[in-house]
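Using the working numbering, you'd call the opening residue of the sequence shown number 1333 and step up by one each time. Every residue, glycine too, gets a C-beta built ideally from N, C-alpha and C. The structure displayed is predicted, hence computed values, not measured ones. Have a look at the structure below, then the notes.
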Amino acid sequence: LLVQLEIIQKKLKKYIAHLVRDNNQEKFKQTVINNMGIHVAFFLADYWSKPKFGKSDSANSENTGTGGSVQGTMAVVKNPNDQERDLISQSCPAVDWSRFPLSPVHGGASLMIQLKMLFILNVCWADDDG
1333 LLVQLEIIQK KLKKYIAHLV RDNNQEKFKQ TVINNMGIHV AFFLADYWSK
1383 PKFGKSDSAN SENTGTGGSV QGTMAVVKNP NDQERDLISQ SCPAVDWSRF
1433 PLSPVHGGAS LMIQLKMLFI LNVCWADDDG
């Protein structure tokens, strides 16, 4: 019973640390977003994986030793209002604003977000010959 309590305590500490990190990251992200100008981008990258799929953990009933991982990136920039777009166009006249969302003044979102995800499947095969 003591061993089980120690395992639970370790898992609980890891979980609490995860919650603290997540909370701090969210607060930092909101601080940056609330204070960002038109020349600032906020990037967030994360990586997570499932090293091996197993019979009890997934639908992979063959237990082939495959694993998967995902790397994701999020970029956040301010959606410039009309005045800011005019300023940007003065130094970068090639910007085609028709390819952007509406300005916040005209009902567009205040932020533009781009997400990229890379899925990786790692496969290991066993040779029948040994």
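Nonlocal neighbours in the same chain, by C-beta distance under 8 Å from W1429, ignoring five residues either side: Taking the first residue of the sequence shown as position 1, residue 1429 is located at position 97. Once the five neighbours on either side are set aside, the close Cβ partners of W1429 are R1417, S1421.
The region 1441-1452 / the region 1404-1413 touching (three or more Cβ pairs under 8 Å): Yes: the two stretches touch, three or more of their Cβ pairs being nearer than 8 Å.
Euclidean distance between Cα positions of L1419 and G1400: Along the sequence shown, one-based indexing puts residue 1419 at 87. Along the sequence shown, one-based indexing puts residue 1400 at 68. Separation of L1419 and G1400 (C-alpha to C-alpha, rounded to the nearest whole angstrom) is 45 Å.
Helix, strand or coil at F1451 according to DSSP, with G and I counted as helix: The residue labelled residue 1451 in the question sits at position 119 within the sequence shown. Look at F1451 here: in three-state DSSP terms it is strand.
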